[in-house]
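*Asks:* Sharing a structure here in structure tokens format.
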Amino acid sequence: MKIRYFSDTDTALIEFSHTPVVETREISEDLYIDIDSDGNVVSITIEHASEKANISEITFLQMEKRTA
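FYI, the numbering for the sequence shown is 537 to 604, going by the numbering used here.
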């Protein structure tokens, strides 16, 4: 997964995979989801991210897989 922020357009792009996009669904005026041919989410685009998603306060924490 890769998260990119484009400050010149105030757009956040969250990429989950690099599979080809076959459909883009508009969830709201500023939120779009790209879908692959199997119905999986490829990426999410958030326009006006600084106000819609509070992009300045995003943090990332990777959880380790527990073993039994």
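A virtual CB, placed ideally from N, CA and C, is assigned to each residue, including glycine.
Going by the DSSP bridge assignment, what does F542 pair with across the sheet?
*Replies:* Position 6 of the sequence shown, counted from the start, is the residue given in the question as residue 542. Partner(s): T547.
*Asks:* Taking the C-alpha atoms as reference points, what is the distance between S586 and Y568?
*Replies:* Numbered from its first residue, the sequence shown carries residue 586 at position 50. Numbered from its first residue, the sequence shown carries residue 568 at position 32. Cα to Cα, S586 sits roughly 16 Å from Y568.
*Asks:* Can you find the residues in the same chain that come closer than 7 Å, C-beta to C-beta, to A591, ignoring five residues on each side of it along the sequence?
*Replies:* Stepping through the sequence shown from its first residue, residue 591 is reached at position 55. Ala is not the amino acid found at residue 591; the sequence shown has Ile there. Result list for I591: Y541, A548 and A585, in chain order.
*Asks:* V558: buried (16+ other C-beta within 10 angstroms of its C-beta) or exposed?
*Replies:* Translated into the one-based positions of the sequence shown, residue 558 becomes position 22. Exposed: under 16 other Cβ atoms inside 10 Å.
*Asks:* Would you say I550 and I563 are within 7 Å of each other, going by their C-beta atoms?
*Replies:* On the sequence shown, position 14 is the one that residue 550 refers to. On the sequence shown, position 27 is the one that residue 563 refers to. Cβ atoms of I550 and I563: not closer than 7 Å.
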